[in-house]
Every structure is written in C-alpha cells, then in structure tokens.
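Chains as they are written, first to last, in the numbering used here: chain H, 17 to 448; chain W, 64 to 312.
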Amino acid sequence: MTVNNTQINRFNSFEQQVSYFTHKTGVHLPRMTFGKGAFFKDLGMWSNTYHSRIDKMESVHILPDPVQGLSFPRAIDVLSSALSLSSKVIDENEIYGLLEYFGLPEEKATQPVISLSGGEILLLNFAKAKAMLPYVDGITACSPIHWLNENRYHYWGKLAEYYDEKNCFVDVALLEGEPFIDEVNEEPEALAHPMPAVDWCLSLSDPAVIFEEIRFPSYHPASKIGYSTAGDRTIDLQSPVLLTGDNGVGKSIFAKVLSGIIKPSGGTVSIQSPNGDGGSRLIFQDAIDQLFGKSIDGHMDWVFRFDSQKRQVAGEIYNEIDTTIREYTKERPADHEALGPQSERCTLLQAKISLVSERLATLPSVLILDEPGWGLSRSIARKLVETVCRTAGNLKVAVVLISHHAGWWQSMVHSRCHLSRDGKDAVVIRKI
Amino acid sequence: MNKHTDIKKAMPWWLKFLLLLIFGLPGISGWPTGLFVLHLQKTDLFTPEIAFICVWGTYACCVWMVVLLSAGINKLLTYLGAAFTLALTVSILGALMRGFFPIIAAGMSKEAISFKLIRIFINIIVFLPYSVLFINSFSAKRLIDNVAQLGGRYRTVGLHLALAFRVFQHTGEVVFNLFEIWTEEYPEKILPRNKNELGVRWYSPVKILVWVWGSIHAWIFACIIHTFEPIPAMVEEIERINRAQNSER
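Quick look at the structure:
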C-alpha cells in the first residue's frame, strides 16, 4: 500500500502529541489533569486567540480521544453534516453506504455516539473524513488505529489512499512504538523476572445485557448481548489475563458488567479470587475522565477523604510504580517527559498511575485495564503495565488487560481470553 | 420505524416549538395555573398552599404524561430520578442553610419558608423533565444548517445560539458518562467507597455534610468541565459549516 502524501510524526508523550495537534489544527484541547482552574484558564486562552489563526486550510481532524471530533449525537447527523459541506441534497443511502464501507452496520446510524465502542467511534471518524473529502485539503489524525482490531487497519489504509488520490495531505501523529498499517511490529523485550501469577476463576451463568429501545429524540431499536463460555460455565484463569476481541463485540460492556457499572438483565457473572468474590475495579479507555474534573492529587485526596490509612497505602503504591518507571526512563531520556514532574502531577501517565494506585489500595478482586496503552508510547505502556501487574500480583489482585495490541503484552500475560460473536446477540468467551 | 416516530418526523419544527412553548407557559408566565389556584381558594375548601399544590401537582402529571408519550417510560423514569434527586438535594440544603444562616430567611415565618421550599421542589420536578424534553426535541444539526443559510447580522448571533443549544444537549450525554464513572468509584452511589478508617465516624453530622457538599461540588464542576471540553472542536465544526455555506453564496 503506497500513500505518498502521508507525513508520520512520532512523539514520546501524549502531551507532545496533543501540542502538535493543536499547533497543526488550531483546535485547542484544554488540559484535563490539572483541575478546574487550569481548565478554565486554557478555555479562556483559546477563546481569546482562536480567531487570530492565519492558516485557513480546511482539514479533517481525528482527535486523540476520537469521540471529541464528533460534534453531533448520532452517526446519521455526523455524516449528513459532513456530506452537506459539498452537496446540497443528502441521500440517506449515501450515509448507510459510508457506514458499510467502514465496516459499520446500518443500525449504528441511529445509535447514540456515546454508546459506540472506541473502535466504532474511530471508524465513524473515518466515514466522516471520507464524506468531507471533496471539501477539505487534508486530514490530521492522532493515533488513528490505536483502538482498532488488526483486521480493521485496512480501513485507515483505504481512507489514506482516497486522500492521496485527491492530492490531499495526510498528517498522522503517533506515539513511539504505536502500531501503524505498514510497519512490522518489533518483538517486545523479555521480562527480567517472571511475572507473579494470581489464580482466579470467572463463572458465567448466561448473563445478558439489554439495551432498551430509544424512542427519543429519535428511534433506535432495542438490542441485547448475551455472554456465554465455550465449555464449562467456569473458566480458570491465571492473572495477568489478556482479553481480546473485534471492535464492537462487547469487551468494554463485559468489563462494565464485571465492575458492577452495568447490571445484567438476566443471569449472573461471578469472580472467585484470593481477595474474595467482590466486585472488580475498572480503568476506562479514556482514563482522564475518571478524574471527574479534578486534578490528579485533588481526586486522590477526595476519594480517600474519610480513609487516610488507605490514602497512605495508595500514596505508597503510587511512589512504588513511579520510582520503577523513573528508574526505567533514566536510560531513555526521551520517555522521561511522559512521567512529568514529581512535584506537580499533571501528565496522562501520572493520571493513570494515580487511578491504578487508588484502585489497588482498595484491594479489589480484579483490576481491569481497558486499553492501558492508550496515550502512551509502547515502551512506557509496557513498563507501566508490567509494574502494575507486579504490584497487583504482590497484593493478590488479579489483573485483566483489554487490548487490541496482543503483541505489546507478550511474555507478560499468563492467560488469554477471546470474545467472539456467535450470531447477532450472543458473545462467546473462549480461553485460548 | 414505528408510527409514533413517523408522526414526530412529520411534525414541522415550528409547530413542535409552539406546542412546547404553550405547554411550558405556566412556568414562564404563571398563567393559567395562577388562575386555577385562585378559583380553588375561592371555594373555601382549600388553603392557598393546598390549592397551589393541587394545581401544580396536576400540571406536573400533565408534563410527565407528555414526556411519557414522547420519550417512553425508561426516559421518563430517568428524568424523574434525576429531577427528584436534584429537588430533594436543593430543598434539604435550602432548609439547612436557612437554619444555619437565619439572615437568608429574614422576615419570613417558618410556614412561609417551608412553602417556599415546597415551591422550589415542585418547580424542579416539573421543569427539569420539561427542559430536557424541550432541548432534545430539536436537531442541533438542522438548526445549525438552517442558521448558516441565513444572511445578515442574524447569522452570527444564530450560530452562537445554535452552539449554545448543542452544548446544552451535550450536557445530557456528559451526565450519562459521569454517572458510569461515579458508579465505578462509588458503587453505593450516595455513600463513599472508602470510609472504614478506625475511629473515624464518617457519618458524623460534620463529615456527612462534607461528603454531601463535596459530592455536589464535584458533580457541578465535572458537568461543567466535561460539557465545555469539546467546545473548541464544536466551534471548529460549526465554523466549517459556516464557511462552506459562505462559499456557496
């Protein structure tokens, strides 16, 4: 696949990537890890300066958190708005055609964007970019395939080829080591010491999640996902566990069921682990949102407001992970920026460490990390996950990694599970 | 598609706007609910307070019925859950504040304060579902397209209003997302997860106030921050639509 006009830029930290994106597009993304004061200051700065941008080149943007590039609530609105830039009459079939072209079924047109999976949101961004092609001069995309399953990378290739044919620029901002369509994945380094294992088991008794019909503001039919295992109802696992599956298969929903955010409409899911059979804790794909608008330290202080002992434990876990990663980055100065200053915690990596430490301090039965590598370079992501798994292993907390990049965690995981569709409503979990 | 949706699709936006405006008239002008309250009082069967509660209670049922027919039972229950939580929080906090700082209620009798808090409670449980229904009844995308076709000075003002409208709509999406995050952090929702420190009675009156006040504060700022976060990207999108319409002229 040859795409001539593609410019690929690689960065060592999320903050550098965002800064490049803002510089290229003029779209300012307020900082979310410094707390409300910095947020409003950034927003104020943006409102004072955004009109002064000289470069008036029209381009499509895929933001680091791709949902932010979709300003309307449903795919049908997003795509009709994109098509209307260059055409007065919009045919609904054209919208369905675009969705199908990027592997999204027709019913996704009316599903609220916020309920789509990360990969589906990226694919919708691709469909939007194709719809806008006649109107724009190029595309600036941050990590455009990070949330995609490998079998869907070709959708980005197709989109980039379209832009190339029209002599439009393709500007891609990636993090170091992040996979890209025509690159060979490096073999990950072997671990110096074996990863501590935690034995646990997952029991499923036909749990099902029903998504009610939406009648307002527009109609979207009800849907259902039922989870089952391929053989016995109980799967014996050894932590760390890697959970894989295609985009939209229901991995994140399963993680939310395990952590009690979504209650199954029928059936049960249970966990038996050394730390008991309580609920698991979850770090979302877009972990920054879990700071709930607070600064990293502000959030940590607030959740332990009535439990200073656990606050202390969380602080110790934070320092342990932080020290290990700092030691690691001493030999790799380029990676050091991702870790940020010790005095003022403010980077995405520090936010992730803080959220993980907070959860480990509560000694959950299982800690689920949904796409832990998002926003991190490959080496830093590996070091973070390795350190977290070791710390969790010492605390007898089982860890589940949900990821599309199985290669990143090679030699780090003890068990693997794969989720696959079996018919329209059923998902089968297989230990592989 | 079902018949209900087809009817909604067929209704022109201005008719929908007019019907919703008429339906919300008691909130804007106090008419005709004020008139009914007076009539009930004149019968001498009701005190002014009971007459007010009867009339506004009936109006609340009408509003909920319209929400039920438009949005379905699940959405109605979600809106009511949010409305009652907010109404209770505001009323209880209002009562506490008036207790701690009597100057706020200077010159008012205890009965008058209670009645005022009941009025606030009723207003929230009526107008929160109504406002959500109103805001979500119109497509921001169509509004932006239509405004971008306007000429003259109304165009810029219209685009700003359209953006504000979309940001309001986005608040609903933000609340949904924040609710999931909150549930993960605090599975009991109204109680802190980490409260087991030995010798600390987190539920002591002072600490529970800290928790309640901190939670309200956290929700308010999280809603504002997450609602405002995508504004730069939204502005870029709307300006692009505006530029595209300009170039077609």
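For each residue, glycine too, the CB sits at the ideal point set by N, CA and C.
The model shown is predicted, which means the values in this text are computed figures rather than measured ones.
{"Asked": "Complete beta strand (DSSP E) runs within the region 366-440 of chain H (minimum length 3 residues, chain order)", "Found": "382-386, 414-418, 431-437"}
{"Asked": "Span separating the alpha-carbon of residue 232 of chain W from that of residue 199 of chain W", "Found": "7 Å"}
{"Asked": "Residue nearest to residue 244 of chain W in terms of C-alpha spacing, selected from W:286, W:275, W:306, W:115", "Found": "W:286"}
{"Asked": "Beta-bridge partners of residue 261 of chain H, as assigned by DSSP", "Found": "H:435"}
{"Asked": "Helix, strand or coil at residue 238 of chain H [DSSP, three-state]", "Found": "coil"}
{"Asked": "Any chain H beta carbon closer than 9 Å to residue 83 of chain W", "Found": "no"}
{"Asked": "Every unbroken beta strand (DSSP E) inside the region 285-358 of chain H [3 residues or more]", "Found": "297-299"}
{"Asked": "Residue 363 of chain H (DSSP reduced to helix, strand or coil)", "Found": "coil"}
{"Asked": "Local Cβ density within 10 Å of residue 108 of chain H, reported as buried at 16 or more and exposed below that", "Found": "exposed"}
{"Asked": "Beta-ladder partner(s) of residue 278 of chain W, from DSSP", "Found": "Its beta-bridge partners do not exist; DSSP assigns none."}
{"Asked": "Within chain H, the residues that residue 259 of chain W reaches when beta carbons sit closer than 7 Å", "Found": "323"}
{"Asked": "Of the residues H:334, H:351, H:379, the one placed nearest residue 368 of chain H, counting alpha carbons only", "Found": "H:334"}
{"Asked": "Cβ shell of residue 305 of chain W (< 7 Å), same chain only, five flanking positions each side left out", "Found": "211, 222"}
{"Asked": "Chain W contact residues for residue 55 of chain H, given Cβ-Cβ distances below 7 Å", "Found": "288"}
{"Asked": "Proximity test, Cβ basis, 9 Å: residue 228 of chain W and chain H", "Found": "no"}
{"Asked": "is_contact[residue 303 of chain W, chain H] using C-beta, thresh 9 Å", "Found": "yes"}
{"Asked": "Under 7 Å by beta carbon: chain W residues contacting residue 46 of chain H", "Found": "292"}
{"Asked": "The region 299-307 of chain H in contact with the region 364-379 of chain H per 3-pair CB rule at 8 Å", "Found": "yes"}
{"Asked": "Contacts around residue 254 of chain H, its chain only, beta-carbon distance under 6 Å, and the 5 residues preceding and following it disregarded", "Found": "213, 215, 430, 431"}
{"Asked": "Candidates H:44, H:24, H:123, H:23: closest to residue 299 of chain W by CA position", "Found": "H:44"}
{"Asked": "Close Cβ partners of residue 116 of chain H (< 8 Å) along its chain, the five nearest in sequence each way excluded", "Found": "122"}
{"Asked": "Any 3 or more C-beta pairs closer than 8 Å across the region 134-141 of chain H and the region 157-164 of chain H", "Found": "yes"}
{"Asked": "N- and C-terminal bounds of the alpha helix (DSSP H) containing residue 138 of chain W", "Found": "136-163"}
{"Asked": "Interface flag, residue 49 of chain H vs chain W, CB-CB below 9 Å", "Found": "no"}
{"Asked": "Inter-stretch contact (C-beta, 8 Å, three-pair minimum) for the region 387-396 of chain H and the region 28-40 of chain H", "Found": "yes"}
{"Asked": "Counted within 10 angstroms of its Cβ, other Cβ atoms place residue 251 of chain W as buried (16 or more) or exposed", "Found": "exposed"}
{"Asked": "Of the residues H:244, H:274, H:400, the one placed nearest residue 438 of chain H, counting alpha carbons only", "Found": "H:244"}
{"Asked": "Residue 233 of chain W at chain H interface by Cβ criterion, 9 Å", "Found": "yes"}
{"Asked": "Residues that DSSP places opposite residue 216 of chain H in a beta bridge", "Found": "H:253"}
{"Asked": "Ranges of the beta strand (DSSP E) found wholly within the region 135-203 of chain H, counting only runs of at least 3", "Found": "154-158, 185-191"}
{"Asked": "Neighbour flag for residue 277 of chain H against chain W, beta carbons, 9 Å", "Found": "yes"}
{"Asked": "Integer Cβ distance of residue 23 of chain H from residue 185 of chain H, believed to fall under 8 Å", "Found": "7 Å"}
{"Asked": "7 Å CB neighbourhood of residue 69 of chain W in its chain, flanking five on each side removed", "Found": "The pLDDT assigned to residue 69 of chain W is 47, lower than 50, so where the model puts this residue is not dependable; a value taken from the coordinates is nonetheless given after this. For residue 69 of chain W, where only same-chain residues beyond five positions count, there are no Cβ hits under 7 Å."}
{"Asked": "Extent of the continuous alpha helix (DSSP H) run through residue 38 of chain H", "Found": "30-41"}
{"Asked": "CB contact check: residue 297 of chain W to chain H, cutoff 9 Å", "Found": "yes"}
{"Asked": "Proximity of residue 287 of chain H and residue 395 of chain H at Cβ, strictly below 9 Å", "Found": "no"}
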